[in-house]
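Q: Numbering (this note's numbering), first residue to last: 2 to 399. Please read through the structure below; I'll follow up with questions.
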Amino acid sequence: MTKQALPTNTNFSFSTSQSIICEWGGAAKLADICHAYSPTSVLLISDAGIKQLGLYQAALDSFQQAGIQVDVFSEVLADPSENVVNAALTIAAQCHADLVVGFGGGSSLDVAKIVALLAHPQSEQSLGDIYGVGNAKGERLPLVQVPTTAGTGSEVTQVAIVTTGETTKAGIVTPLFLPDIALLDAELTVNLPPNVSAATGVDAMVHAIEAYTSKVKKNPISDLLAKEALALMGRNIDTAVHHGHDRSAREAMLLGAMLAGQAFANAPVAAVHALAYPLGGHFHIPHGLSNSLVLPHVLRFNVKGAAAQYAELAPIVFAEHMFEGSVKEIAAQFIQQIEQLIARLKLPTTLKEMDIPESFLPRLADDAMLQTRLLVNNPSELKRQDALAIYQAAYGQI
Ligand SMILES: NC(=O)c1ccc[n+]([C@@H]2O[C@H](COP(=O)([O-])OP(=O)(O)OC[C@H]3O[C@@H](n4cnc5c(N)ncnc54)[C@H](O)[C@@H]3O)[C@@H](O)[C@H]2O)c1
Ligand SMILES: [Fe+2]
2 MTKQALPTNT NFSFSTSQSI ICEWGGAAKL ADICHAYSPT SVLLISDAGI KQLGLYQAAL
62 DSFQQAGIQV DVFSEVLADP SENVVNAALT IAAQCHADLV VGFGGGSSLD VAKIVALLAH
122 PQSEQSLGDI YGVGNAKGER LPLVQVPTTA GTGSEVTQVA IVTTGETTKA GIVTPLFLPD
182 IALLDAELTV NLPPNVSAAT GVDAMVHAIE AYTSKVKKNP ISDLLAKEAL ALMGRNIDTA
242 VHHGHDRSAR EAMLLGAMLA GQAFANAPVA AVHALAYPLG GHFHIPHGLS NSLVLPHVLR
302 FNVKGAAAQY AELAPIVFAE HMFEGSVKEI AAQFIQQIEQ LIARLKLPTT LKEMDIPESF
362 LPRLADDAML QTRLLVNNPS ELKRQDALAI YQAAYGQI
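Here is the structure:
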């Protein structure tokens with residue numbers, strides 16, 4: 002009998018949200034879902050787009066019917082700034098919030114995490130004290146996260162990202178950001194526009210791919226989650242983007258994005274994200290699209306370190322495609338399939354199309370090299386000249 006091979010990493014830790022509820026229409030039962038925390042004053046944090054669509058109205062009604070005071074902060078902007086966070090904290094103090102609900106995309110969920118922490122009555126910290134890894138202290142208010150995009154997986158990650166200057170973002174990493182409850186109600190995502198569905202969906206797929214090839218913390222649980230996430234999203238992303246009202250496609254994408262979030266929360270992302278962040282910072286390109294623009298080029302660079310893993314993922318992501326040949330050939334076909342997927346989703350494919358000046362590419366390469374926290378996870382060592390070559394390829398000149 003052959004002995005079952007041990008996974009590569011048997012020394013690992015894994016954390017995720019306390020409780021995950023997956024229910025179509027679940028947002029209308031939010032008061033019931035929060036019952037165990039006996040809230041008296043709830044602050045729901047969201048953005049203007051979601052407000053306009055009336056997406057959280059049923060959730061508000063449920064609190065009102067239960068006799069629970071509920072206030073809304075709906076001024077979150079994409080890539081939230083410190084001013085947005087501080088404005089939300091002011092409202093939390095005014096209404097004496099004792100439970101925080103994040104309701105929206107990654108931006109709203111990230112603001113909700115910080116508010117739940119800093120609005121706790123015993124908190125002695127301010128925003129400036131908690132940037133970085135493990136600097137947040139004490140307790141937070143009960144936190145319930147309701148994602149309305151199938152993308153960041155923020156509902157199961159220990160990270161919140163804040164825009165700190167014109168072009169700079171900073172992360173806060175703490176286990177206190179894992180919520181008490183993550184509620185996945187895919188009904189909220191049916192009106193997500195095709196371009197947002199496509200960009201956020203690719204972001205989620207990148208989380209799973211980068212977790213699966215993550216050099217330092219890849220582990221047996223993150224591997225399982227990444228593969229399941231990619232199986233779900235690979236089979237459903239086209240339908241979710243082109244036929245947004247398809248219930249099962251939306252359910253698969255929201256579940257897949259959460260599983261991918263659990264994977265990368267424990268086996269962190271790498272060069273795709275490291276090269277994507279400067280695009281978002283300097284040119285305000287949405288996070289998922291920034292990832293998509295550099296994705297095929299980073300994968301091609303990574304083949305020397307990750308061919309075997311790409312070849313393993315290929316038939317999982319693209320179940321309909323026949324992959325044939327050596328590991329290297331299958332890895333190359335996988336990258337071609339990813340390129341074709343991005344084209345089918347009608348996302349822009351070159352930096353040139355995004356009006357990024359070619360003369361700016363060296364600056365992007367400099368900034369990408371600052372993402373050392375991410376680059377250590379990359380399966381192939383990436384130097385500045387590699388980053389520049391990737392941006393040049395993404396620019397569309399090669
Ligand atoms: N915490 C993490 O782990 C993590 C990881 C990656 C990115 N992020 C952060 O998340 C943010 C990006 O989040 P995102 O991509 O989810 O986008 P987002 O929250 O910025 O929202 C994008 C747009 O989509 C709209 N929208 C959201 N849900 C909708 C719906 N159901 N129907 C119609 N429109 C809807 C919003 O109104 C908004 O205009 C960035 O700030 C990024 O830095 C966080
Ligand atoms: Fe991401």
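Positions of the beta carbon are idealized from the N, C-alpha and C atoms, including for glycine.
1) Given that a residue counts as buried once 16 or more other Cβ atoms are within 10 Å of its Cβ, and exposed if not, what is residue 305?
2) Does ligand 4 have a heavy atom nearer than 7 Å to the CB of residue 164?
3) Checking 8 Å against the spacing of the C-beta atoms, do residue 182 and residue 113 come in under that value?
4) Within its chain, find whatever has a CB closer than 8 Å to the CB of residue 296; leave out the 5 residues flanking it on each side and keep chain order.
5) Determine the direct distance from the alpha carbon of residue 225 to that of residue 298, and round the result to whole angstroms.
6) Does any heavy atom of ligand 2 sit closer than 7 Å to the C-beta of residue 208?
7) Following the continuous beta strand (DSSP E) through residue 172, name the residue where it begins and the one where it ends.
8) Please name the residue in 48, 153 and 366 whose C-alpha comes closest to that of residue 393.
9) Can you look up residue 167 in the DSSP assignment and give me helix, strand or coil?
10) What three-state label does DSSP hand residue 98 in the structure shown?
11) Under the rule that 16 or more other beta-carbon atoms within 10 Å means buried, what is residue 36, buried or exposed?
12) Mapping the DSSP letters down to three states, classify residue 207 as helix, strand or coil.
13) By DSSP, does residue 103 sit in helix, in strand, or in coil?
14) When every heavy atom of ligand 2 is checked, does at least one fall within less than 7 Å of the C-beta of residue 153?
15) With 16 as the cutoff for other CB atoms within 10 Å, does residue 201 come out buried or exposed?
16) Say yes only if the C-beta of residue 108 is nearer than 7 Å to one or more non-hydrogen atoms of ligand 1, and no if none qualify.
17) Relative to ligand 2, is the shortest distance from any of its heavy atoms to the C-beta of residue 292 smaller than 7 Å?
18) So is residue 19 buried or exposed if we call it buried at 16+ other beta carbons inside 10 Å?
19) Once you ignore the five residues that flank residue 368 on each side, which residues in its own chain have a CB closer than 6 Å to its CB?
20) From residue 101 to residue 287, what does the alpha carbon distance come to, in whole angstroms?
21) When the Cα atoms are used, what is the spatial distance from residue 187 to residue 384?
22) If you draw a straight line from the alpha carbon of residue 308 to that of residue 244, how long is it in whole angstroms?
23) Please confirm whether residue 241 and residue 248 have their CB atoms less than 8 Å apart.
24) Should the stretch 163-176 be called in touch with the stretch 74-89, which here means at least 3 C-beta pairs below 8 Å?
25) Can you tell me whether DSSP reads residue 32 as helix, strand or coil?
26) In whole angstroms, what is the alpha-carbon distance linking residue 357 and residue 180?
27) Pick out the complete alpha helix (DSSP H) segments inside the stretch 97-160, 4 residues or longer, and give them in chain order.
28) Go to residue 76, then tell me how far its beta strand (DSSP E) extends in each direction, as first and last residue.
29) Which of the three DSSP states, helix, strand or coil, is assigned to residue 368?
30) Output the distance between the C-alpha atoms of residue 322 and residue 292, rounded to the nearest integer angstrom.
31) Just the C-alpha distance for residue 255 and residue 156, rounded to the nearest angstrom, thanks.
32) I want to check one thing, is the minimum distance from the CB of residue 285 to the heavy atoms of ligand 2 below 7 Å?
33) Among residues of its own chain, excluding the 5 on either side of residue 381, which ones have a beta-carbon nearer than 6 Å to its beta-carbon?
34) Under 7 Å: does the beta carbon of residue 197 sit that close to some heavy atom of ligand 1?
35) With distances taken Cα to Cα, identify the nearest neighbour of residue 109 among 311, 49, 285 and 315.
36) Under 8 Å, with one C-beta from each stretch per pair, do the stretch 49-61 and the stretch 17-34 reach the 3-pair mark?
A: Reading it off the structure:
1) As a first step, residue 305 must be located in the sequence shown, where it is residue number 304. Exposed.
2) You won't find ligand 4 in this model; what it holds is ligand 1 and ligand 2.
3) Walking along the sequence shown from the start, residue 182 turns up at place 181. Walking along the sequence shown from the start, residue 113 turns up at place 112. For residue 182 and residue 113, no; Cβs fall outside 8 Å.
4) By 1-based counting over the sequence shown, the position of residue 296 is 295. So the list reads 203, 207, 273, 339 and 343, once near-sequence residues are dropped.
5) Stepping through the sequence shown from its first residue, residue 298 is reached at position 297. Stepping through the sequence shown from its first residue, residue 225 is reached at position 224. If I take the Cα positions, the gap works out to 25 Å.
6) For the purposes of this step, residue 208 is taken as the residue at position 207 of the sequence shown. Checking every heavy atom of ligand 2 against the Cβ of residue 208, one is found closer than 7 Å.
7) Along the sequence shown, one-based indexing puts residue 172 at 171. Residues 170-174.
8) In the sequence shown, residue 393 corresponds to position 392, counting from 1. The shortest C-alpha separation from residue 393 is found at 366.
9) Position 166 of the sequence shown holds residue 167. Looking at residue 167 - three-state DSSP - the assignment turns out to be coil, as it is neither helix nor strand.
10) Your numbering for residue 98 matches position 97 in the sequence shown. Reduced to three states, the DSSP call for residue 98 is coil.
11) Along the sequence shown, one-based indexing puts residue 36 at 35. The residue in question, residue 36, is exposed, as its Cβ has fewer than 16 Cβ neighbours within 10 Å.
12) Here residue 207 is taken as the residue at index 206 of the sequence shown, counted from 1. Residue state, collapsed to three classes: helix.
13) Here residue 103 corresponds to residue number 102 of the sequence shown, with the count starting at 1. In this structure, residue 103 counts as strand in the three-state DSSP scheme.
14) Within the sequence shown, numbered from 1, the residue matching residue 153 stands at position 152. Checking the Cβ of residue 153 against ligand 2 gives yes.
15) Here the question's residue 201 lines up with position 200 in the sequence shown. Result: buried.
16) Within the sequence shown, the letter at position 107 stands for residue 108. The answer is yes for residue 108.
17) Working through the sequence shown from its first residue, we reach residue 292 at position 291. Answer for residue 292: yes, Cβ within range of ligand 2.
18) On the sequence shown, residue 19 is found 18 positions in, with the first residue counted as 1. Exposed: under 16 other Cβ atoms inside 10 Å.
19) By 1-based counting over the sequence shown, the position of residue 368 is 367. Once the five neighbours on either side are set aside, the close Cβ partners of residue 368 are 279.
20) As a first step, residue 101 must be located in the sequence shown, where it is residue number 100. As a first step, residue 287 must be located in the sequence shown, where it is residue number 286. If you take the alpha carbons of residue 101 and residue 287, they lie about 26 Å apart.
21) Counting from one through the sequence shown, the residue named residue 187 turns up at place 186. Counting from one through the sequence shown, the residue named residue 384 turns up at place 383. Distance between the alpha carbons of residue 187 and residue 384 is about 40 Å.
22) Translated into positions along the sequence shown, residue 308 becomes position 307. Translated into positions along the sequence shown, residue 244 becomes position 243. When rounded, the distance between both Cα atoms is 33 Å.
23) One-based indexing of the sequence shown puts residue 241 at position 240. One-based indexing of the sequence shown puts residue 248 at position 247. No, Cβ-Cβ distance for residue 241 and residue 248 is not below 8 Å.
24) yes
25) On the sequence shown, position 31 is the one that residue 32 refers to. Helix, per DSSP.
26) Counting from one through the sequence shown, the residue named residue 357 turns up at place 356. Counting from one through the sequence shown, the residue named residue 180 turns up at place 179. Cα to Cα, residue 357 sits roughly 38 Å from residue 180.
27) 107-119 and 128-131
28) Taking the sequence shown and counting its residues from 1, one reaches residue 76 at position 75. Run containing residue 76: 70-77, per the beta strand (DSSP E) assignment.
29) As a position in the sequence shown, residue 368 is number 367, starting the count at 1. Helix at residue 368.
30) Translated into positions along the sequence shown, residue 322 becomes position 321. Translated into positions along the sequence shown, residue 292 becomes position 291. Using only the alpha carbons, I get a separation of about 24 Å.
31) Working through the sequence shown from its first residue, we reach residue 255 at position 254. Working through the sequence shown from its first residue, we reach residue 156 at position 155. Roughly 11 Å between the two C-alpha positions.
32) For the purposes of this step, residue 285 is identified with residue 284 of the sequence shown, where counting begins at 1. No, ligand 2 has no heavy atom inside 7 Å of this Cβ.
33) As a working note, residue 381 is residue 380 in the sequence shown. Here the set comprises 303, 305 and 306.
34) As a position in the sequence shown, residue 197 is number 196, starting the count at 1. It does: the Cβ of residue 197 is within 7 Å (strictly closer) of some heavy atom of ligand 1.
35) Walking along the sequence shown from the start, residue 109 turns up at place 108. Nearest C-alpha to residue 109: 49.
36) yes
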